[in-house]
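Novice: Chains U and A are the protein sequences, given in the same order. So the number in my numbering is just where the residue sits in the first sequence, counting from 1, plus 31. So the number in my numbering is just where the residue sits in the second sequence, counting from 1, plus 2. This is the structure, below, for whatever I ask next.
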Amino acid sequence: MVTATALEAELLELAGSVPDPELPVLTLQELGVVRAVHLHDGDTVEVDLTPTYTGCPAIEAMSVDIEQVLRAHGMREVTVRTVLTPAWSTDDISPEGRRKLQEFGIAPPRVRGGASGPVPLTLAPTRTEDGPTRPAAPTAPTGPITLTDPTAPIGPATLTDPAALTDPAAPSDLTGPVRCPHCGSAETELLSRFSSTACKALRRCLACREPFDHFKEL
Amino acid sequence: MTATGPATVPVTAALALGDDALVLSHRLGEWAGQAPVLEEEVALANIALDLLGQARFLLSMAGDEDELAYLREERAFRNLQLAEQPNGDFAHTIARQLYFSTYQQLLYAELAAGEGPFAPLAAKAVKEVTYHRDHAEQWTLRLGDGTETSHERMRRACEALWKFTGEMFQPVEGLDADWAGLDRRWQESVADVLGRATLPLPEGPRTGAWSAGAGRQGLHTEPFGRMLAEMQHLHRSHPGASW
């Protein structure tokens with residue numbers, strides 16, 4: 032939003048800070064569903080919200096929550112509009128959102144990517160022979176960096192280290208495996224294309240045998 | 003639910019697409035509590051939910067979604083007769099899903115590529131419908147290429163619903179689509195799946211006197227009235243009731 036005022040930016044941040052009603056570990060901003068905030072007359076505001084799935088029942092709860100938050104911030108009239116274009120994609124989930132999903136026990140969606148543009152790559156500690164190692168402390172850069180970005184900080188692993196790609200936190204593209212969010216194993220199988228909500232598939236880990244939800248790519 | 007869109011909407015087309023989605027959603031919802039396994043219970047309900055979301059947007063383009071869903075008489079519905087067919091056994095539901103989701107995926111992909119008033123919804127929904135079609139395909143393969151019993155029941159289901167498939171490609175006013183091309187691609191796609199499932203492509207007419215084909219004109223099959231009675235009963239008995 033080029034023309035956003037400071038107040039609009041503030042309201043956008045507030046609307047984006049609302050937790051998702053079904054996945055409360057994520058905020059709406061991390062889910063990538065709050066598109067814009069338009070302020071009129073100082074205290075009348077319009078929020079553009081896009082649904083993850085067309086039939087997602089959570090969108091009404093999201094609208095109510097956004098209204099409450101913005102009213103509490105002094106807005107007299109809050110209208111939440113549902114916008115469809117451009118269609119939401121799981122690629123809109125932020126890197127932080129992906130990390131939280133995994134911590135919550137849900138395998139994050141793999142990156143669909145476009146035909147053009149670099150595929151985001153997250154660097155992570157190398158694996159040891161004992162198996163995958165989770166980052167001990169958030170000292171390593173956690174945001175995605177791209178191979179084409181020469182200014183990006185380099186973490187403990189190097190770009191040429193193939194082990195960097197096998198960390199469960201690293202988003203893989205559609206040709207990569209869906210990793211178990213509990214033990215990191217790449218050996219998992221699909222149990223059902225549809226799970227507890229429309230946006231998830233049900234899988235099982237063949238290594239630790241735990242069933243888990245996978246936020247499927249859309 | 004408010005949807006943003008152009009001021010002029012082809013109402014006939016919005017009703018046709020919206021009613022397909024609403025009616026099939028209700029049929030799939032009837033499986034709740036009765037599906038063969040828990041995973042399918044969840045899958046069919048999720049597909050129904052996606053369709054209900056489409057229906058809400060489409061009917062809202064044509065008028066008030068609740069009035070259109072709950073207060074129209076049978077003859078005012080414009081859905082395909084295929085969508086209203088009873089669930090039957092699980093094979094019938096899967097055959098209906100295969101036929102319908104293949105149609106919807108092809109049609110939405112075409113609408114999404116255009117610039118008409120349905121392009122935004124179609125672009126969104128086609129991604130979801132791809133999962134519906136994949137679900138139907140996997141089950142068709144498993145049942146067709148399964149046991150003697152599952153093969154026979156899947157074959158019967160595909161044949162029973164075949165006569166409802168010609169209607170899908172009658173042009174709908176307000177929808178800019180290559181209907182003959184869609185029909186051809188639909189037949190190729192279904193023939194491919196059935197072939198891999200070791201099932202014969204059904205014979206018999208898809209259009210004409212011995213086939214179905216007037217749902218878009220408001221003529222429906224007998225089971226539709228009973229379905230509608232159940233779907234509309236609560237709202238008609240208690241107007242404006244809410245949770």
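Each residue gets a CB set at the ideal place from its N, CA and C atoms; glycine is no exception. Every value quoted in this text rests on a predicted model; they were computed, and no experiment measured them.
1. Would residue 145 of chain A and residue 152 of chain A be called neighbours here (beta carbons separated by less than 7 Å)?
2. Where does residue 112 of chain U sit, in a helix, a strand or coil, going by DSSP?
3. Which residues in the same chain have their Cβ closer than 8 Å to the Cβ of residue 179 of chain A, if we skip the five residues on either side of it in sequence?
4. When you compare the CB of residue 56 of chain A with every CB in chain U, is at least one pair closer than 7 Å?
5. Could you spell out where the alpha helix (DSSP H) holding residue 15 of chain A opens and where it closes?
6. Using a Cβ-Cβ cutoff of less than 6 Å, which residues in the same chain neighbour residue 123 of chain A once the five nearest sequence positions on both sides are dropped?
7. Would you list, in chain order, the members of the stretch 41 to 67 of chain A that have their beta-carbon closer than 9 Å to a beta-carbon of chain U?
8. Check the C-beta distance from residue 120 of chain U over to residue 61 of chain U and give it rounded, since I have them as a contact under 8 Å.
9. Give the DSSP-derived three-state secondary structure of residue 98 of chain A in the structure shown.
10. Among A:143, A:149 and A:209, which one has its Cα closest to the Cα of residue 197 of chain A?
11. Please say whether residue 64 of chain U and residue 250 of chain U have beta carbons closer to each other than 7 Å?
12. Just grab the DSSP bridge partners of residue 71 of chain U for me.
13. Can you pull the chain A residues whose beta carbon is under 7 Å from the beta carbon of residue 233 of chain U, in chain order?
14. From this set, U:247, U:88, U:224 and U:109, which residue's C-alpha is nearest residue 139 of chain A's C-alpha?
15. Alpha carbon to alpha carbon, how far is residue 66 of chain U from residue 106 of chain U? Give it in angstroms, no decimals.
16. Name the chain U residues whose beta carbon is nearer than 9 Å to that of residue 130 of chain A?
17. Figure out for me which residue from A:63, A:193 and A:234 has the closest Cα to the Cα of residue 12 of chain A.
18. For chain U, find out if any of its Cβ atoms is closer than 7 Å to the Cβ of residue 8 of chain A; answer yes or no.
19. Which residues in chain U have a C-beta closer than 7 Å to the C-beta of residue 122 of chain A? List them in chain order.
20. Give a yes or no on whether the minimum CB-CB distance between residue 28 of chain A and chain U is below 7 Å.
21. Please classify residue 178 of chain U: does DSSP put it in a helix, a strand, or coil?
22. Compare the beta carbon distance of residue 94 of chain A and residue 34 of chain A with 7 Å and say whether it is the shorter of the two.
23. Taking C-alpha atoms, which residue in A:239, A:240 and A:226 lies nearest to residue 75 of chain A?
24. Residue 246 of chain U versus chain A: which residues are under 7 Å apart at the beta carbon?
25. Out of U:94, U:87 and U:53, point me to the one whose CA is closest to residue 135 of chain U's CA.
26. Answer with buried or exposed for residue 94 of chain U, where buried requires no fewer than 16 other C-beta atoms within 10 angstroms of its C-beta.
27. Suppose contacts are defined by Cβ-Cβ distances below 7 Å. Is residue 83 of chain U in contact with residue 56 of chain A by that definition?
28. If you follow the alpha helix (DSSP H) that residue 53 of chain A is in, where does it begin and where does it stop?
29. Does residue 247 of chain U come out as helix, strand or coil in the three-state DSSP assignment?
30. Is there a C-beta anywhere in chain A that falls below 7 Å from the one on residue 143 of chain U?
31. What residues from chain D crowd round residue 21 of chain A, counting only those whose CB sits closer than 8 Å?
32. Helix or strand or just coil, what does DSSP make of residue 174 of chain A?
33. Start and end of the beta strand (DSSP E) containing residue 222 of chain U?
34. Which chain U residues sit within Cβ distance under 7 Å of residue 126 of chain A?
35. Kindly identify the DSSP beta-bridge partner or partners of residue 142 of chain U.
36. Might you give, ordered along the chain, the residues of its own chain that have their beta carbon closer than 7 Å to the beta carbon of residue 77 of chain A, omitting 5 neighbours on each side?
Specialist: Inspection of the coordinates gives the following:
1. The residue labelled residue 145 of chain A in the question sits at position 143 within the second sequence. The residue labelled residue 152 of chain A in the question sits at position 150 within the second sequence. Taking 7 Å as the Cβ cut-off, residue 145 of chain A and residue 152 of chain A qualify as a contacting pair.
2. For the purposes of this step, residue 112 of chain U is identified with residue 81 of the first sequence, where counting begins at 1. Of the three classes helix, strand and coil, the one that applies to residue 112 of chain U here is strand, per DSSP.
3. Along the second sequence, read from residue 1 onward, the residue named residue 179 of chain A stands at position 177. If the five residues before and after residue 179 of chain A are omitted, its C-beta is found closer than 8 Å to the C-beta atoms of 109, 112, 113 and 173, all from its own chain and listed in chain order.
4. Against the second sequence, residue 56 of chain A aligns to sequence position 54. So, interface residue.
5. For the purposes of this step, residue 15 of chain A is taken as the residue at position 13 of the second sequence. Here the alpha helix (DSSP H) through residue 15 of chain A covers 13 to 31.
6. Your numbering for residue 123 of chain A matches position 121 in the second sequence. 59, listed in sequence order.
7. Within the stretch 41 to 67 of chain A, the residues whose Cβ lies closer than 9 Å to some Cβ of chain U are 41, 42, 44, 45, 46, 47, 48, 49, 50, 51, 52, 53, 54, 55, 56, 57, 58 and 59, listed in chain order.
8. As a first step, residue 120 of chain U must be located in the first sequence, where it is residue number 89. As a first step, residue 61 of chain U must be located in the first sequence, where it is residue number 30. With a Cβ gap of about 14 Å, residue 120 of chain U and residue 61 of chain U do not count as contacting.
9. Looking up residue 98 of chain A in the second sequence gives position 96. Residue 98 of chain A: helix per DSSP, three-state reduction.
10. Here residue 197 of chain A refers to the residue found at position 195 of the second sequence. Closest option to residue 197 of chain A, Cα to Cα, is A:143.
11. Since the first residue shown for chain U is 32 and the last is 249, residue 250 of chain U is missing from the structure and cannot be characterised.
12. The residue labelled residue 71 of chain U in the question sits at position 40 within the first sequence. Bridge partners of residue 71 of chain U: U:75.
13. Along the first sequence, one-based indexing puts residue 233 of chain U at 202. Under the 7 Å cutoff, chain A gives 41.
14. Locating residue 139 of chain A in the second sequence gives position 137, counting from the first residue. Ranking U:247, U:88, U:224 and U:109 by Cα distance to residue 139 of chain A puts U:224 first.
15. One-based indexing of the first sequence puts residue 106 of chain U at position 75. One-based indexing of the first sequence puts residue 66 of chain U at position 35. So the alpha carbons of these two residues sit roughly 18 Å apart.
16. Stepping through the second sequence from its first residue, residue 130 of chain A is reached at position 128. Ordered by position in chain U, the residues that pass the 9 Å Cβ test against residue 130 of chain A are 84, 85, 86, 229 and 249.
17. What you label residue 12 of chain A is simply residue 10 of the second sequence in a count that begins at 1. It is A:63.
18. Stepping through the second sequence from its first residue, residue 8 of chain A is reached at position 6. For residue 8 of chain A, the predicted structure reports a pLDDT of 48, less than 50, and the residue's modelled location is therefore unreliable. The matter cannot be settled from this model.
19. The residue given as residue 122 of chain A occupies position 120 in the second sequence. Residue 122 of chain A reaches chain U at 115 and 116, counting residues in chain order whose Cβ is nearer than 7 Å.
20. For the purposes of this step, residue 28 of chain A is identified with residue 26 of the second sequence, where counting begins at 1. False, the Cβ-Cβ gap to chain U never drops below 7 Å.
21. By one-based count along the first sequence, residue 178 of chain U stands at place 147. Because residue 178 of chain U carries a pLDDT of 41, less than 50, the predicted location of this residue cannot be relied on, and the following value inherits that uncertainty. Coil, per DSSP.
22. The sequence position of residue 94 of chain A within the second sequence is 92, counting from 1. The sequence position of residue 34 of chain A within the second sequence is 32, counting from 1. No. Outside cutoff.
23. Working through the second sequence from its first residue, we reach residue 75 of chain A at position 73. Per the Cα distances, A:226.
24. The residue labelled residue 246 of chain U in the question sits at position 215 within the first sequence. Residues of chain A passing the Cβ test: none, with the nearest at roughly 13 Å.
25. Taking the first sequence and counting its residues from 1, one reaches residue 135 of chain U at position 104. Across the set U:94, U:87 and U:53, the C-alpha of U:53 shows the shortest separation from the C-alpha of residue 135 of chain U.
26. Here the question's residue 94 of chain U lines up with position 63 in the first sequence. Taking a 10 Å sphere around the C-beta of residue 94 of chain U, we find 16 or more other C-beta atoms and assign the residue as buried.
27. Position 52 of the first sequence, counted from the first residue, corresponds to residue 83 of chain U. Position 54 of the second sequence, counted from the first residue, corresponds to residue 56 of chain A. Taking 7 Å as the cut-off, the beta carbon of residue 83 of chain U is found no closer than this to the beta carbon of residue 56 of chain A.
28. Position 51 of the second sequence, counted from the start, is the residue given in the question as residue 53 of chain A. Segment 40 to 64, the alpha helix (DSSP H) holding residue 53 of chain A.
29. Residue mapping note: residue 247 of chain U aligns to position 216 of the first sequence, counting from 1. Three-state result, residue 247 of chain U: coil.
30. Translated into positions along the first sequence, residue 143 of chain U becomes position 112. No, no contact with chain A.
31. Checking the listed chains, one finds no chain D in this structure; the protein chains it contains are U and A.
32. Counting from 1 along the second sequence, the entry for residue 174 of chain A is found at position 172. Three-state result, residue 174 of chain A: coil.
33. For the purposes of this step, residue 222 of chain U is taken as the residue at position 191 of the first sequence. Run containing residue 222 of chain U: 219 to 223, per the beta strand (DSSP E) assignment.
34. Counting from one through the second sequence, the residue named residue 126 of chain A turns up at place 124. Within chain U, the residues 85, 115 and 118 have their CB atoms less than 7 Å from the CB of residue 126 of chain A, given in chain order.
35. In the first sequence, residue 142 of chain U corresponds to position 111, counting from 1. According to DSSP, which records beta bridges pairwise, residue 142 of chain U is partnered with U:204.
36. Counting from one through the second sequence, the residue named residue 77 of chain A turns up at place 75. Counting only Cβ-Cβ distances below 7 Å, and skipping sequence neighbours, we find 220.
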